Amino acid sequence: MQAVNEAIAYKGQGSQSLYFYNPKTAQSNWIFSRETTVTIGNHRFAK
């Protein structure tokens with residue numbers, strides 16, 4: 188939840204993000220094919 192709040196606080200950064208995930212725990216190859224918009228801590232935001 189902290190990563191989501193931080194992403195919202197970054198005005199304009201990460202805009203158009205539709206997804207977020209932790210690359211250390213994600214198991215779906217599909218999510219890795221999404222374009223990363225911003226990385227905050229252990230989470231990547233993507234579109």
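If you read the sequence shown in the numbering used here, its first letter stands for residue 188, the second for the next number, and so on.
By construction, the Cβ of each residue, glycine as well, lies at the ideal position given by its N, Cα and C atoms.
Nothing here was measured: the structure is a model prediction, and the numbers come from that model.
Can you tell me where the beta strand (DSSP E) with residue i in it begins and where it stops?
i, result
"T224", "223-227"
Taking residue i as the reference, which of the options has the closest Cα?
i, options, result
"W217", "E193, A190, M188, Y206", "Y206"
Determine, using beta carbons only, whether residue i and residue j come nearer to each other than 7 angstroms.
i, j, result
"N209", "N229", "yes"
"K211", "T224", "no"
Measure the C-alpha to C-alpha separation of residue i and residue j and round it to an integer number of angstroms.
i, j, result
"S204", "Q189", "16 angstroms"
"Q214", "E222", "16 angstroms"
"T226", "F219", "13 angstroms"
I'd like the span of the alpha helix (DSSP H) that includes residue i, first residue to last.
i, result
"N216", "216-219"
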